[in-house]
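In my numbering, the protein residues as written are 716 to 1003.
Here is the structure we will look at, set down as structure tokens.
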Ligand SMILES: Cc1cc2nc3c(=O)[nH]c(=O)nc-3n(C[C@H](O)[C@H](O)[C@H](O)COP(=O)(O)OP(=O)(O)OC[C@H]3O[C@@H](n4cnc5c(N)ncnc54)[C@H](O)[C@@H]3O)c2cc1C
């Protein structure tokens, strides 16, 4: 299919991009890597008259750490996340997750900001962001706000972002040294979205789980934070029984949509299986 005709803009600063967004209003769409937006335009699910490409805005592309916070520009590609020595050392969960996204072609162009802004429950970054306790910097004509990932995803393709705002930065509290982590993703083949996936960050002291975060991909209208499962594990030794109970509680919040990847029962079971795998791996990787 061929998209509707549109006018292309390539501003080189955030104020210029915001100016274009204000000027064209509902007719405008931001373009990042294009790997979600362009397919939607070809199917005519999205029909913007103006595309505002963020590719020339250099300040949207850095990865650095200040004051115990990792700051990642929204236009950083999956490939750049994977190649980042800083993230490999300080936030390996993000690197592990990015490596499981799509295929190299998508990873060279697709951006973390686009993946999050799109609000697709099948995308992997939302659950990674929930597990890492991230927040997002949103800039609009009237200023800047910082919103936590927890609560940002309100429905399928729906987030707290207002029309006229640009996500400029992703902030992640630098994970405690020695924290265990895992992103367990079941997919039918290389390059596919998750049938179900679980992101886990875990700290332990000896056998005891001191802190744990669990988030799920593609088993609900948004990425899901598995709070009851987390609560069931804190302050206790990890065992086969506690892992099984956490998985049961995680499965209890799943509401997947049946599709070619499986029916709701199968996807829910796989969310439990991924939760178990991620917990075991994160626990074994955590210093104690
Ligand atoms: C074959 C294939 C397989 C894929 N598999 C996976 C997968 O396994 N896991 C996964 O997570 N993703 C997957 N994707 C999606 C891919 O990661 C996309 O790149 C991603 O969803 C969107 O990022 P983008 O940079 O391409 O954004 P775009 O497609 O350019 O934009 C997506 C949406 O976000 C908005 N947007 C973009 N940037 C910003 C910003 N900075 N501020 C505000 N709004 C913004 C756009 O206006 C648009 O509405 C796959 C895509 C393809 C084509």
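Positions of the beta carbon are idealized from the N, C-alpha and C atoms, including for glycine.
Span separating the alpha-carbon of residue i from that of residue j
| i | j | result |
| --- | --- | --- |
| residue 936 | residue 970 | 7 angstroms |
| residue 746 | residue 952 | 47 angstroms |
| residue 780 | residue 795 | 15 angstroms |
| residue 1066 | residue 918 | Residue 1066 is absent from the structure shown; the chain starts at 716 and stops at 1003. |
| residue 884 | residue 757 | 28 angstroms |
| residue 995 | residue 871 | 30 angstroms |
| residue 965 | residue 881 | 33 angstroms |
| residue 817 | residue 848 | 24 angstroms |
| residue 948 | residue 993 | 13 angstroms |
| residue 703 | residue 721 | The structure shown does not extend to residue 703, since the chain is modelled only from 716 to 1003, so the question has no answer here. |
| residue 750 | residue 920 | 42 angstroms |
| residue 1004 | residue 855 | Lying before the first or after the last residue shown, residue 1004 is absent from the chain, which here runs from 716 to 1003. |
| residue 748 | residue 950 | 42 angstroms |
| residue 926 | residue 833 | 30 angstroms |
| residue 985 | residue 934 | 9 angstroms |
| residue 906 | residue 838 | 12 angstroms |
| residue 980 | residue 773 | 45 angstroms |
Contact belief for residue i with residue j at Cβ below 8 angstroms, rounded distance in angstroms
| i | j | result |
| --- | --- | --- |
| residue 911 | residue 931 | 7 angstroms |
| residue 893 | residue 997 | With 8 angstroms as the limit, residue 893 and residue 997 do not qualify as a contact, their Cβ atoms being about 12 angstroms apart. |
| residue 841 | residue 827 | Not quite, the Cβ-Cβ distance comes to about 11 angstroms (not below 8 angstroms), so this is no contact. |
| residue 909 | residue 929 | Not really, about 15 angstroms apart at Cβ, beyond 8 angstroms. |
| residue 771 | residue 726 | 7 angstroms |
| residue 724 | residue 735 | 5 angstroms |
| residue 989 | residue 901 | 6 angstroms |
| residue 778 | residue 791 | 6 angstroms |
Residue i classed as buried or exposed, judged by whether at least 16 other C-beta atoms fall within 10 angstroms
| i | result |
| --- | --- |
| residue 852 | buried |
| residue 835 | buried |
| residue 898 | buried |
| residue 922 | exposed |
| residue 740 | exposed |
| residue 924 | buried |
| residue 896 | buried |
| residue 904 | exposed |
| residue 719 | exposed |
| residue 717 | exposed |
| residue 737 | exposed |
| residue 798 | exposed |
| residue 850 | buried |
**Request:** Count the CB pairs spanning the segment 757-764 and the segment 800-819 that are closer than 8 angstroms, and state whether there are at least three.
**Result:** Judged by Cβ distances under 8 angstroms, the segment 757-764 makes no contact with the segment 800-819, as fewer than three pairs qualify.
**Request:** Check whether the segment 808-823 touches the segment 786-794, counting contact only when three or more Cβ pairs, one atom from each stretch, lie closer than 8 angstroms.
**Result:** Three or more beta-carbon pairs drawn from the segment 808-823 and the segment 786-794 are found closer than 8 angstroms, and the two stretches are therefore classed as touching.
**Asked** Are at least three pairs of beta-carbons, each pair with one atom in the segment 947-967 and one in the segment 856-864, less than 8 angstroms apart?
**Response** The answer is no - the segment 856-864 does not touch the segment 947-967, with fewer than three Cβ pairs under 8 angstroms.
**Request:** Note down, one range per segment and in chain order, each beta strand (DSSP E) of at least 3 residues found wholly within the segment 732-760.
**Result:** Those beta strand (DSSP E) runs which fall completely within the segment 732-760 and span 3+ residues are 743-746.
**At least 3 beta-carbon pairs within less than 8 angstroms: the segment 872-880 vs the segment 908-926** = No, the segment 872-880 is not in contact with the segment 908-926.
**Message:** At 3 residues or longer, what runs of the beta strand (DSSP E) sit wholly inside the segment 764-839?
**Reply:** 765-768, 778-781, 784-788, all fully within the segment 764-839.
**Request:** Run through the segment 892-971 for me and flag every whole beta strand (DSSP E) of 3 or more residues, listed as ranges in chain order.
**Result:** Assignment of beta strand (DSSP E) within the segment 892-971, counting only whole runs of 3 or more residues, yields 895-901, 911-920, 923-932 in chain order.
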